[in-house]
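So the first sequence is numbered by our numbering: it starts at 18 and just counts up by one.
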Amino acid sequence: MAMASGSGCSASSTTCSRRPATNAYFPLLIPESFLHKEAQHVEGFAPEAAVVTHGGGKKLDEPLIIRPTSETIIYTMFAKWVQSYRDLPILMNQWANVVRWEMRTRLFLRTTEFLWQEGHTAHVTHDEAEEEARRMLGVYRDFMEGWIAMPVVTGQKTDSERFAGALRTYSCEAMMQDNKALQAGTSHNLGQNFSRAFDLKFQSESGSTEFAWNTSWGVSTRMVGGMVMTHGDDVGLRVPPLLAPIELVIVPIYRSDVERSLVLEAAERVRHSLCEWDRRESSRLRVHIDARDGMKPGAKYYEWELRGIPLRLEIGPRDLANNQGVLVRRDTREKRPVSLDVLGEDVSETLSRMQRDMLAVALERREANSVRERISYDRFRQFMDAEGGFVYSGWCGDPACEAQIEDDTKATIRCLPDEEFRSAEAPTTCLRCDRAATSEAMWAKSY
RNA sequence: CGGGGCGUAGCGUAGCCCGGUAGCGCGCCUGCUUCGGGAGCAGGAGGUCGCUGGUUCAAAUCCAGUCGCCCCGACCA
Numbered sequence: 018m019a020m021a022s023g024s025g026c027s028a029s030s031t032t033c034s035r036r037p038a039t040n041a042y043f044p045l046l047i048p049e050s051f052l053h054k055e056a057q058h059v060e061g062f063a064p065e066a067a068v069v070t071h072g073g074g075k076k077l078d079e080p081l082i083i084r085p086t087s088e089t090i091i092y093t094m095f096a097k098w099v100q101s102y103r104d105l106p107i108l109m110n111q112w113a114n115v116v117r118w119e120m121r122t123r124l125f126l127r128t129t130e131f132l133w134q135e136g137h138t139a140h141v142t143h144d145e146a147e148e149e150a151r152r153m154l155g156v157y158r159d160f161m162e163g164w165i166a167m168p169v170v171t172g173q174k175t176d177s178e179r180f181a182g183a184l185r186t187y188s189c190e191a192m193m194q195d196n197k198a199l200q201a202g203t204s205h206n207l208g209q210n211f212s213r214a215f216d217l218k219f220q221s222e223s224g225s226t227e228f229a230w231n232t233s234w235g236v237s238t239r240m241v242g243g244m245v246m247t248h249g250d251d252v253g254l255r256v257p258p259l260l261a262p263i264e265l266v267i268v269p270i271y272r273s274d275v276e277r278s279l280v281l282e283a284a285e286r287v288r289h290s291l292c293e294w295d296r297r298e299s300s301r302l303r304v305h306i307d308a309r310d311g312m313k314p315g316a317k318y319y320e321w322e323l324r325g326i327p328l329r330l331e332i333g334p335r336d337l338a339n340n341q342g343v344l345v346r347r348d349t350r351e352k353r354p355v356s357l358d359v360l361g362e363d364v365s366e367t368l369s370r371m372q373r374d375m376l377a378v379a380l381e382r383r384e385a386n387s388v389r390e391r392i393s394y395d396r397f398r399q400f401m402d403a404e405g406g407f408v409y410s411g412w413c414g415d416p417a418c419e420a421q422i423e424d425d426t427k428a429t430i431r432c433l434p435d436e437e438f439r440s441a442e443a444p445t446t447c448l449r450c451d452r453a454a455t456s457e458a459m460w461a462k463s464y
């Protein structure tokens, strides 16, 4: 999860010439008054704030909030650091634990404390901030699709789902195997809301005093839950190769002590040659030999499958006689004999193929459970009540209509999808009220 | 905060109605045989039955209180 440092170029980014974000760390405890400076922000986060009221055995003059997010403390500092347009843009990233006292928790998806990455930037113009917010959404998308093999729909949030204090919120929405949507990452154009609240001003090239334009963006350990619920099957986890701590596990098979030493010796040779194999720049294949004694090979197979390790190589006496092993893919459970001589290339290619296949399978499943044709409201209600999925339809833009649909079905507008996800023919009327559609919306039940 | 449910060995549980020797599976230890899809046999270790009080000759079991956890709803990355 190292994509936020800004060192890479997003496939969907518009520029690559920007400075990467600086990694930083800001305090956990935030004076309560900071939170109150931006009206929308405090309204959104006050109900879920964990508050420190006592310290050193005494009641504090001013309570401290355990950060639910760090806009307020970071922009307080930005305001001190920025005087001139020459100080901008300023781009910072931090990994931090945050606390949000939600009424209900859900393992990985909504925990009281969670680890995340949050980025905060300040810019000279609205357009530059907008570009940054969009660019980071693309970086997140690239990571989710390229690494987690979890396809996402990107788009803009409606007012009702917008981040507290933001001008616009964009999100990545993934479909889990129960057809519910998971908001896997967000990026916000904060406009000048926070810069006005925190007096984050600069002198422009022409000499005038201006408020800066901010963005913030984040992804969390929720992505771990996304990976589990995107790829897991009845056998256990399926971890995409790029994320797997072990890419290939060698399971030796033997009876006698003599066989054992022969097989383990061969396994070690294979491991050594695979670790020499340059698969990615400055990265080696991650190989483990499961030499545990007193555990039968079958038991080891089940265990590594449960843990989702992408590839297993079985090596036994019969294989050694032929200078081969049996390679098994976790995703398809396909088994085939492989020559031990040319293993590096084979394993490397197989892992790459698995990474692509896992994304393709997930994408296919998402599309198979998406409705893009015109749908009546009655049929929509049935659909959300039964199998569920993503429904693309017109929306009149009226929040009341959006709220009514949620009341009726529990489904919400996950986003107003970006162009590439929209229907070939733009919907003309609203899903519920038949008024003219002002935009296309993607509806789903969500976590 | 409402509505359900559950606390018994490291983990999962039976027993509770109908009070009387705490049992099973997994895991763990020792030995032998095994080992190409979750090993078999033999022996063994491990329990203040969440906690407090009450009823009783006797409480895991009945009663009261209390603490903790899980699920469903309202809130949300």
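We treat Cβ as the ideally placed atom computed from N, Cα and C, and that holds for glycine.
Please read all numbers here as calculations on a predicted model, not as lab measurements.
query, result
"Residue environment, E135, which counts as buried when at least 16 other CB atoms sit within 10 Å", "buried"
"Reduced DSSP category for E298 - H, G, I as helix; E, B as strand; rest coil", "Note that E298 scores 48 on pLDDT, short of 50, meaning its location in the model is unreliable and no value can be drawn from it."
"Residue(s) in a DSSP beta bridge with G136", "N110, W234"
"Short Cβ contact (7 Å threshold) for V408 with W460", "yes"
"Pair within 7 Å by beta-carbon distance, G284 and I267", "The residue you asked about is not Gly; residue 284 is Ala in the sequence shown. A contact, by the Cβ cut-off of 7 Å."
"Exposure label - M312; buried when at least 16 CB within 10 Å", "exposed"
"Collapsed DSSP secondary structure at F526 in the structure displayed", "No information on residue 526 is available, as it lies outside the stretch 18 to 464 that the chain covers here."
"M193 to M244 span [Cα, whole Å]", "9 Å"
"Span separating the alpha-carbon of G405 from that of L52", "38 Å"
"S212 and A229 closer than 7 Å at C-beta", "yes"
"Meets three-Cβ-pair contact criterion under 8 Å: the segment 137-152 and the segment 195-210", "yes"
"Segment contact flag, the segment 99-107 with the segment 63-82, C-beta cutoff 8 Å, min 3 pairs", "no"
"Minimum length 3: unbroken beta strand (DSSP E) runs contained in the segment 150-198", "169-173, 185-192"
"F219 beta carbon less than 7 Å from that of E227", "yes"
"For Y319, the first and last residue of its enclosing alpha helix (DSSP H)", "314-323"
"Counted within 10 angstroms of its Cβ, other Cβ atoms place K76 as buried (16 or more) or exposed", "exposed"
"Meets three-Cβ-pair contact criterion under 8 Å: the segment 366-382 and the segment 269-284", "no"
"Sequence-distant residues of its chain with Cβ nearer than 6 Å to L154 (five each side left out)", "T171, Y187, S204"
"Inter-stretch contact (C-beta, 8 Å, three-pair minimum) for the segment 115-135 and the segment 82-97", "yes"
"Among W164, G163, M240, L184, the one whose alpha carbon lies nearest that of A150", "L184"
"Spatially closest choice to T247 from Q200, S225, V280, by CA coordinates", "Q200"
"C-beta contact flag for E88 and S237 at 7 Å", "no"
"Alpha-carbon to alpha-carbon, E222 and K54", "28 Å"
"Which of helix, strand or coil DSSP assigns to Q220", "strand"
"Nonlocal neighbours in the same chain, by C-beta distance under 6 Å from G202, ignoring five residues either side", "Y157, C189, V236"
"C-beta contact flag for M94 and H137 at 7 Å", "no"
"Rounded Cβ spacing between V355 and Q372 (contact assumed at less than 8 Å)", "Not quite, the Cβ-Cβ distance comes to about 19 Å (not below 8 Å), so this is no contact."
"W98 - DSSP class collapsed to helix/strand/coil", "helix"
"Spatial distance of I422 from A191 (CA atoms)", "21 Å"
"Residue range of the beta strand (DSSP E) that includes D348", "Note, D348: premise wrong, no beta strand (DSSP E); not H, not E."
"Short Cβ contact (7 Å threshold) for T367 with M401", "no"
"P106 versus V252: straight-line alpha-carbon distance, rounded", "48 Å"
"Rounded straight-line distance, which links the Cα of R346 to that of R398", "40 Å"
"Local conformation of P64 per DSSP, three classes", "helix"
"Residues near A454 in its chain [Cβ-Cβ closer than 7 Å; skip 5 each side]", "G411, W412, C413, P444, T445, T446, C447"
"Cβ neighbours of G333 in the same chain (closer than 6 Å, five flanking residues each side left out)", "I270"
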